[in-house]
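Chains as they are written, first to last, in our numbering: chain A, 50 to 392; chain B, 36 to 410; chain C, 3 to 334; chain D, 4 to 451.
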């Protein structure tokens, strides 16, 4: 439908461009419709499946690493033996502890190298301290997904507020806000995040907030231009002419109609944020050892690359697959929400 | 009468969309003689622009010319033959894409589009674009092409043409840009110019200027025109003969005076009745009932029967082609309406009438799945 | 055509932005917890030592005074003195600028030279296997961490195949006499190229992928424009349409994006310099964060800001050069 | 009419109007000296912009004022339809929006049911909107694609706290059927409707709060002829049923003739002629109105004699011509009083001036030019001397100087360039007032 709707109509010499506008409007109506579009797009669907899988892993890891840790402070739970990495340590292997007598840099299961024969106990091998790579990858997904998502939400909320206010009110409000945003934009993203970390410290929370704040310009510029164009629509003017109050116009017309591209950008931005955070961990900013994260694992692998190539391949692949998934889903979402951009 | 320079027979252009096949042009025939202006008129969705593009073989994906014949001065632009399997394929004689490009496009048939802003490339000067097309189609060198361009711009009424050659399209007003496009078409000295709603985007006073100019230039150069428009006023003004299209098919074809004063098709009639007039006060407009059905799912029988005030049961069954209904001594006047019973030999008058309600907007709604414009 | 006037105005517009960058940087840097003096002098220095250092770096003045001094200093080309190195920040940056600029510009060149043909071909053969392949490449390209690509390159080409060096970037303008195993200028150039190729490709891949996507969609859009259809109607050949009528217009979005992508190029450069141990600006800023050397953090941030702003201005001007509509309203 | 533009003289003006037009009836809406200027840039700090949107062209010009609507005065009587016609960019839509205070006027007053809209603000203005509504041209963009038809129609009622939820729904359904839609369509999204049907939804929304006055901004321009007739008929029916007053804006003279009682013609931000419909169409006095009527193609080949009577393009509203704004294109520019020229001489002078100004020829000798333009109608006296000077300049290959000289000698001294016209004409059809902003009327003005 989206593939052909606009093209087939345009050619029917529609003097008013009915066709094009039609499919655009069609596309903007209803989430159910959007979801239907995404379902019909195998690439987007594949992306969604991977995202769900990774998010599931991350949710599990968060439960085990964060929720249990928090709850274990209460005697009620502690008496069951609840503790950080409770599930992992009870049913599997600890992602953080170096097991006694562990063999370091074991290769993946069937392979053989100078450090020994890989075993199915450690399907992906072990790291430089003898910890199982697979379990660390699983618990590392928590950092990637949560940091990506939280940073994006921070940027999205901040950007939406700034952009919507600037776009709707225009005039000097717009001038001041957008000038500030442009200044922020003039400091390269990564450098801005680095300065942030320099100020507030290297820990995870500040990395998330830093990445979020650094992405505010992207979102605010986007939503501003969207709001400005929605504002030009006649139905906004019609609502004004009917005497609808400003706040109702914004809530009922402006925001719902300008939100779609923000959603798309948000999806893509999660992928970008994951890349950025991985880069920061690689440099040593962000989550600190022994908590596992993909970027940090890559950083550790540098010293032992010759001995064990696998150590540096698995985390990279995890990042790649996750980010590809977000990009595929984001592209599909964009096609569904705005078929004009689909090529 | 001499042979027509352009002959279109049973042309079919379909669009293959995910929702189904849109029969944008479904069996259209007409011809263009030398030194005349032929109008193709119809409302949105009638398929008139697609018909025009099909003549040049410029229909874009997912559209395709799937049947019929177009011949220009004897050369087969579109020609199909049946294969053993019963499918159609282009004949060997049909001009190749290369031949179309080198012999027909620009050189023999030029085109003017509706939107003068979109038709000129914003990053090249007007002179550069004119010159390129002249060089390609007139086999002249750069400096000569430049002279032709200046001359032609002057001809279409652009002041200071030599200076303006180096200007970019955005430095011209809408009317001036449309003049540039007319100059572009004329300067290639084609035999036929297809003008696709060339004055629709313009203001009425500018439109008046351009219509007058085109009439003068047409006389001077003897070029034939196909003038595609939705405006019956423009048709009355400029055309010699008119083809009225409805939903991909021809409704009526006649000389301009006969079309307006001896109308033979209920659609043309209804269209004329629904128009407010500038020259006299019309107290009561008589609109056509309902909306144009979708080309993806056209009504059975006569395409117009769902809205036709004269529709009868037989119109649901039989889809008439446009046949000559003129008295013998007149110029041909073709109409696709069964009420000309002596020509179509269907029992029209004895068939029970269908009641199409007038002045109501809701009888014919759109289906939820509908995606195409339906007006 | 008011291209001159347009240039002036674009430069003027950059001034408040740069002032803003300096302001943000200054206040961020001054919010850094921990006392730089302590880092400098180690644990338990004497009061007089502290006072002397504070006076030397102007730390005894109130914040607004230091801000004004700093802005005035920047305007005169003075970014202060590095706490760790003790050198002038400008000198340190000048020393490290070369490798970073070389890396960034070569990556951009690589990205542009590969992306444009890839995008054009992709658009021309839309939905054909070539297109699918090119789209897959760009999808993977935008999703792969550049530093990981760098690591994989080192693994393959330096460790296993041992064909390319992984560290010690040689600058092409280095003096042959100072380089071991290089006798002539040509040797230096070859050496430099061999050093540069892996960082260049790792850093450029993301840009290449992003540009390919834009080139493709922009080309497709232009190809559906009415003026392209008109050229076709006048018998212009498909290759001329692609080369002339569509190509120039399709580059307009690319030019804009080139300026904006600088921001991710700079970020990538920081990582790539770490991976390949290149002594450039990126490593400098990372190290100065670890050392809390805030004059150096401020200095490098501002210089990166300048690089970005200048880059955006340059792309704007080239846009204006290609698209006559931009400067149309400028009065000479 | 110029004296009626004094806002301080409101009562006097009203009295005069009553005497001149429909007796005793207060107008529903009175516009006085309404002016709207736009800044021709995008905000105070716009020159600081580093904006780099992918498709935006970052153009800012020096600060200039676009004189979109200037000094417009008219009134609309209760129950009538005033047609407002003009070409694109003439300011008719801006006028409509300024009138409704969707845009703030730069100057002037709009009296509507006793209040000056130009002075209202905030909640008072919002309350007032209940009585005046607008219908837009574009059936696509005037309905929020995310809302269903029912809530769209109910929205104005909600804003003005009319009825309760059930009452609103009932009224919405009733309105849908009154505008010719199926009440069952209450739960559909706008995309399920065709252009004509969407305009009907717009009508239902506008009528939901029972307004007295509806501005129709090209409501049928986007529709096909057959659908346009349906919608126009419905609008007429509703006008009777709801006792509405319309301001109907269009570029289409035919539609205006069909729907209006009185018609105002706008050119470059000003009303140039205003009269009863029959009077305006059958006895047009302003050369611009005449040109419009001559240009429009008539759907009848036996009637058709379209002339492209007007030269050139509409001037920029940033620097509109002095005096009469139409003078630069007017075929009936009045000769300056200081020259004593015959009509033929004046025509020759103007043709020559126009060609020089537009550089419309290659340089030729003075003799050729004289022969081409003047023949035996070469004026003598001061006009002849001015022409001689122009020829000298042309000989010297200074066409710009020659153009300036001709402009200064023949165009600028004309009354059309010096004074703004504003006259009353004796109507031939009906007894309504006939306002015409053309100096040709200066000798025939009504004496009150």
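In this text, a Cβ means the ideal position worked out from N, Cα and C, and glycines have one as well.
Identity of the residue in the options nearest residue i by Cα
i, options, result
"residue 131 of chain B", "B:327, B:111, B:142 and B:121", "B:111"
"residue 305 of chain D", "B:269, B:223 and B:38", "B:269"
"residue 344 of chain A", "A:140, A:197 and A:125", "A:197"
"residue 274 of chain A", "A:140, A:136, A:209 and A:97", "A:209"
"residue 19 of chain C", "C:98, C:314 and C:78", "C:314"
"residue 80 of chain D", "D:358, D:30 and D:92", "D:30"
"residue 144 of chain D", "D:169, D:95, D:196 and D:124", "D:196"
"residue 131 of chain A", "A:137, A:117, A:141 and A:232", "A:117"
"residue 299 of chain C", "C:309, C:52 and C:283", "C:283"
"residue 282 of chain D", "D:429, D:121, D:209 and D:117", "D:429"
Rounded straight-line distance, which links the Cα of residue j to that of residue i
i, j, result
"residue 258 of chain C", "residue 317 of chain C", "6 Å"
"residue 381 of chain A", "residue 165 of chain D", "43 Å"
"residue 354 of chain B", "residue 331 of chain B", "16 Å"
"residue 13 of chain C", "residue 51 of chain B", "52 Å"
"residue 182 of chain A", "residue 134 of chain A", "15 Å"
"residue 311 of chain B", "residue 318 of chain B", "9 Å"
"residue 78 of chain B", "residue 265 of chain B", "6 Å"
"residue 149 of chain C", "residue 274 of chain C", "6 Å"
"residue 212 of chain D", "residue 102 of chain A", "53 Å"
"residue 274 of chain D", "residue 113 of chain D", "16 Å"
"residue 384 of chain B", "residue 374 of chain B", "7 Å"
"residue 122 of chain A", "residue 113 of chain A", "14 Å"
"residue 339 of chain A", "residue 366 of chain A", "21 Å"
Cβ neighbour criterion (16 or more within 10 Å) applied to residue i
i, result
"residue 58 of chain C", "exposed"
"residue 388 of chain B", "exposed"
"residue 190 of chain A", "buried"
"residue 2 of chain C", "Not covered by the structure: residue 2 of chain C. The range shown for chain C is 3 to 334."
"residue 107 of chain C", "exposed"
"residue 382 of chain D", "buried"
Residue i CB to nearest heavy atom of the ligand COA below 6 Å
i, result
"residue 267 of chain C", "Among the components modelled here there is no ligand, and therefore nothing to report on the ligand COA."
Under 9 Å by beta carbon: chain C residues contacting residue i
i, result
"residue 157 of chain B", "229, 251, 325, 326 and 327"
"residue 139 of chain A", "Within chain C, no residue comes near residue 139 of chain A; the closest Cβ sits about 33 Å away, beyond 9 Å."
Within chain B, partners of residue i - CB distance below 7 Å
i, result
"residue 239 of chain C", "136"
Cross-chain neighbours of residue i in chain C, by beta carbon under 8 Å
i, result
"residue 377 of chain A", "141"
Contact list for residue i against chain D, beta-carbon separation under 8 Å
i, result
"residue 118 of chain A", "Per Cβ cutoff of 8 Å: no residues; residue 118 of chain A is ~43 Å from chain D at best."
"residue 296 of chain A", "None at all; the shortest Cβ gap to chain D is about 11 Å."
Residue i: contacting residues in chain B (beta-carbon distance under 8 Å)
i, result
"residue 256 of chain D", "239 and 313"
Within chain A, the residues that residue i reaches when beta carbons sit closer than 8 Å
i, result
"residue 137 of chain D", "286, 287 and 290"
Please name the residues in the region 141 to 162 of chain D whose beta-carbon is closer than 7 Å to at least one beta-carbon of chain A, in chain order.
Those residues of the region 141 to 162 of chain D that come within reach of chain A (Cβ to Cβ, closer than 7 Å) are 141, 143, 144, 145, 146, 147, 148, 149, 158, 159 and 162.
Any C-beta of chain D within less than 7 Å: which residues of the region 269 to 280 of chain B qualify?
269, 271 and 272
Taking a Cβ distance cut-off of 7 Å, strictly less, list which residues of the region 184 to 201 of chain B are near chain D, in chain order.
194 and 195
Using a beta-carbon distance cut-off of less than 8 Å, what residues from the region 268 to 291 of chain A approach chain D?
270, 274, 282, 283, 284, 286, 287, 288, 289, 290 and 291
Of the residues that make up the region 144 to 156 of chain C, which ones have a beta carbon closer than 9 Å to any beta carbon in chain A?
Along the region 144 to 156 of chain C, going in chain order, the ones with a CB nearer than 9 Å to a CB of chain A are 144, 145, 146, 147, 148, 149, 150, 151, 153, 154 and 156.
Closer than 9 Å, Cβ to any Cβ of chain A: which residues of the region 244 to 270 of chain C, in chain order?
262, 264, 265, 266, 267, 268, 269 and 270
Quick one: which residues of the region 230 to 262 of chain A get their C-beta closer than 9 Å to a C-beta of chain C? List them in chain order.
231, 232, 233, 234, 235, 236, 237, 238, 239, 240, 241, 242, 243, 244, 245, 246, 247, 248, 249, 250 and 251
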